[in-house]
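Colleague: Sharing a structure with you now.
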Amino acid sequence: MSANRGPVSEWRKSSHSTSAGGQCLEWAPARACGAWPVAVRDSKHVDGPVLRIPQREWVGFVSALKNDAL
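Numbers in the working numbering are just positions in the sequence shown, counted from 1, shifted up by 4.
Encoded structure:
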């Protein structure tokens, strides 16, 4: 995982994010991230750090969330 700020052409907001000011995140798919497959950032602080996560680890993380394994 890397905390680089780099250009990302497309961001998607988590379906669990709301406009109520809670904990929100945005992620960018592989085609938008260049060399790193997935980028993640805080949607309330879009100028803050961007975590760049290898695709294999991201898929494992999302799968664990979906299976309530975390």
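Built from N, CA and C at the ideal position, the CB exists for glycine as well.
1) Report the rounded CA-to-CA distance for PRO58 versus PRO41, giving the unit in angstroms.
2) With DSSP as the reference, identify every bridge partner of TRP31, one or two as the case may be.
3) Report the rounded CA-to-CA distance for ALA32 versus VAL66, giving the unit in angstroms.
4) Can you tell me where the beta strand (DSSP E) holding LEU55 begins and where it ends?
5) So is VAL63 buried or exposed if we call it buried at 16+ other beta carbons inside 10 Å?
Modeller: Reading it off the structure:
1) 6 Å
2) ARG16 and VAL44
3) 14 Å
4) 55-57
5) exposed
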